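Trainee: Let me give you the structure first, and then I'll get to my questions.
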Amino acid sequence: MPSLTLPHAESYNPPPPPVEDLDYVDLPVLDFSKASTTDGWAELAEIAKDAMATRGFLTVVNHGYTPAQTKRMFDIANIPFDHVPADEKKHYVSNIKHDGSYEGYKLPQLFHIDNGVYDRKEHYSINFNVDKRPHPQALRPFLPEIAAFGKFCHFHIVHPILRLLARGLELPEDTFVNMHNYNAIGHSSVRFIKYYIRPEEEELKTKNVWSKGHTDLGSISILFSQPIAGLQILSPEGHWQWPRYVPNGLVINVGDMLDFLTGGFYKATIHRVIQPPPSQQGLARLGLFSFAMPDDSVVLKPVEGSAVLERAGISRNEDEKYRPPTVEQWRRARTTSYGVVELKREGDVETETINGIVVKHYN
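At position 169 of the sequence shown (counting the first as 1) the number is 169 in UniProt numbering, and the numbers step up by one without a gap.
Okay, here's the thing in structure tokens:
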């Protein structure tokens with residue numbers, strides 16, 4: 001049987017981790033190698049419940065995606081940025097305002113950061129249905145691998161986490177899984193992100209913030225850990241802390257939609273990206289992500305039947321004056337407003353109101 005030959009992708013070789021002694025946060029760890037036993041699964045459920053009810057972030061290790069596979073996906077992730085001409089990129093730009101979606105390119109200089117400075121972040125987002133829209137020529141040979149990567153994230157990372165979180169609420173384990181159907185109409189995606197370096201003048205005007213503090217709009221976000229520091233998480237005590245680089249580890253966080261579905265029990269935590277520390281300055285920062293969202297038709301209100309939520313005093317809001325949004329409504333509202341609408345500012349916090357809900361951004 002002939003061997004499968006993969007298309008060539010130029011090797012992306014990241015630098016070493018920073019040498020500085022940063023204010024690191026040691027996130028709770030889900031070791032998926034323990035998931036095969038009853039006791040191990042119960043232990044993971046407790047860790048997941050506690051982590052997402054307090055910090056909203058955790059790390060996953062031993063998830064089954066090999067270091068070689070991760071290296072290959074980082075090689076592929078760099079293609080839309082370094083191997084697609086600028087003129088060609090323009091044909092694949094996301095129509096964010098019209099579609100309420102980031103699928104395609106988000107080019108730099110779109111989102112306002114502070115003091116008249118706009119972002120230098122570029123990203124390319126691909127729906128799990130990779131054939132949903134056309135892609136740049138250089139990326140087309142890699143679509144089967146991207147599709148397989150998205151499918152792995154969905155079934156082998158997101159679904160187990162959703163089962164653990166449902167168990168933590170004393171719900172049937174498939175409660176949240178049944179809202180995340182792989183073939184349903186939705187916007188779960190793979191996303192490649194590249195942050196480019198900025199002039200010192202812009203760093204001063206933004207206090208080194210590259211992406212202002214925000215919550216993610218979906219349910220579960222997956223970041224494949226990489227050595228260039230930049231991500232910071234706002235602690236429950238109000239301090240910005242850096243998650244450690246974990247080779248082939250995953251940084252997982254809760255987004256708005258799971259926060260809504262649990263009445264705030266599982267917390268969508270504020271995080272941001274800032275300029276890397278001195279030992280890594282002058283380097284572009286490449287990110288490999290998968291963002292999960294429930295099916296577009298799911299209504300974002302607290303789930304029924306959880307004794308844990310009842311004991312916490314969380315109930316479904318049946319006020320006729322308030323109609324909770326669907327996933328599609330929230331996705332469109334947040335996507336079309338993010339970084340492009342005028343915000344109200346008090347100190348370091350900027351706010352906007354979406355569907356009657358106050359959304360905060362932090363500089």
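In this text, a Cβ means the ideal position worked out from N, Cα and C, and glycines have one as well.
Values in this document were obtained by computation on a predicted structure and should not be read as measured data.
Could you spell out where the beta strand (DSSP E) holding Ala292 opens and where it closes?
Mentor: Taken as a continuous stretch (DSSP letters only), the beta strand (DSSP E) holding Ala292 covers Arg285 to Ala292.
Trainee: Got a sec, what are the start and stop residues for the beta strand (DSSP E) Lys212 sits in?
Mentor: Val209 to His214
Trainee: Quick check: the region 234-248 against the region 280-297, are there 3 or more CB pairs under 8 Å?
Mentor: no
Trainee: Can you give me the C-alpha to C-alpha distance between Leu162 and Leu44, rounded to a whole angstrom?
Mentor: 12 Å
Trainee: Taking only three categories from DSSP, how would you classify Thr54?
Mentor: helix
Trainee: Quick check: what's the CA-CA separation for Leu22 versus Val60?
Mentor: 21 Å
Trainee: For Ser36, is the classification buried or exposed, using 16 other Cβ atoms within 10 angstroms of its Cβ as the cut-off for buried?
Mentor: exposed
Trainee: Can you give me the Cβ contacts of Ser33 inside the same chain, cut-off strictly under 7 Å, excluding the 5 residues immediately before and after it?
Mentor: Asn62
Trainee: Report the CB separation of Gly56 from Thr269 in whole angstroms; it is logged as a contact under 8 Å.
Mentor: Sure, about 3 Å apart at Cβ, within 8 Å.
Trainee: I believe Asp119 touches Pro108 by the beta-carbon criterion, under 8 Å. Please report the beta-carbon distance rounded to the nearest angstrom.
Mentor: With 8 Å as the limit, Asp119 and Pro108 qualify as a contact, their Cβ atoms being about 6 Å apart.
Trainee: Can you give me the C-alpha to C-alpha distance between Ile274 and Ile96, rounded to a whole angstrom?
Mentor: Rounded to whole angstroms, Ile274 to Ile96 spans 24 Å at the Cα level.
Trainee: Based on Cα-Cα distance, which residue from Pro199, Tyr124 and Asn181 lies nearest to Gly282?
Mentor: Comparing C-alpha distances from Gly282 to each of Pro199, Tyr124 and Asn181 shows the shortest one belongs to Pro199.
Trainee: In terms of DSSP beta bridges, what is Tyr118 paired with?
Mentor: Note: Tyr118 sits in a beta bridge opposite His112.
Trainee: Determine the burial state of Ser94: buried for a count of at least 16 other Cβ atoms within 10 Å of its Cβ, exposed for fewer.
Mentor: buried
Trainee: Nearest-angstrom Cα distance between Asp75 and Glu10?
Mentor: 6 Å
Trainee: Tell me which residues share the same chain as Ile113 and place their Cβ nearer than 7 Å to its Cβ, disregarding the 5 neighbours each side in the sequence.
Mentor: Asp119, Thr206, Val209 and Lys212
Trainee: Excluding the 5 residues flanking Tyr24 on each side, which residues of the same chain have their C-beta closer than 6 Å to its C-beta?
Mentor: Trp242 and Arg244
Trainee: Since Leu165 and Ala48 should fall inside the 8 Å C-beta cutoff, what is the C-beta to C-beta distance between them, to a whole number of angstroms?
Mentor: 6 Å
Trainee: Is the beta carbon of Gly104 closer than 8 Å to that of Arg133?
Mentor: yes
Trainee: Taking Phe81 as the reference, which of Gly116, Phe260 and Glu122 has the closest Cα?
Mentor: Glu122
Trainee: Rounded to a whole number of angstroms, what is the C-alpha to C-alpha distance between Tyr102 and Asn178?
Mentor: 24 Å
Trainee: Just how far apart, CA to CA, sit Leu6 and Gly64?
Mentor: 20 Å
Trainee: Taking the beta carbon of His361 as the centre, do at least 16 other beta carbons fall within 10 Å, making it buried, or is it exposed?
Mentor: Confidence at His361 is low in this model, with a pLDDT of 48, below 50, so the placement of that residue should be treated as unreliable; the coordinate-derived value is given next. Result: buried.
Trainee: Pull up the distance between the alpha-carbon of Asn13 and that of Ala307, whole angstroms please.
Mentor: 48 Å
Trainee: Taking the C-alpha atoms as reference points, what is the distance between Pro277 and Gly305?
Mentor: 47 Å
Trainee: Whole-angstrom Cβ separation of Asp174 and Phe291, contact assumed at under 8 Å?
Mentor: About 21 Å separates the two Cβ atoms, so there is no contact after all.
Trainee: Go through its chain and collect everything with a Cβ distance to Ser125's Cβ below 6 Å, but skip five positions before and after it.
Mentor: Counting only Cβ-Cβ distances below 6 Å, and skipping sequence neighbours, we find Tyr102, Glu103, Ser189 and Arg191.
Trainee: Taking Gln232 as part of the beta strand (DSSP E), name the residues at either end of that continuous run.
Mentor: Leu231 to Leu234
Trainee: Using the rule of at least 16 other Cβ atoms within 10 Å of the residue's Cβ for burial, across every protein chain shown, is Val130 buried or exposed?
Mentor: buried
Trainee: Jot down the residue ranges of each uninterrupted beta strand (DSSP E) in the region 152-219, minimum 3 residues, whole runs only, in chain order.
Mentor: 189-195 and 209-214
Trainee: With DSSP collapsed to three states, give me the class of Asp99.
Mentor: Asp99 carries a helical assignment under DSSP once its states are collapsed to helix, strand and coil.
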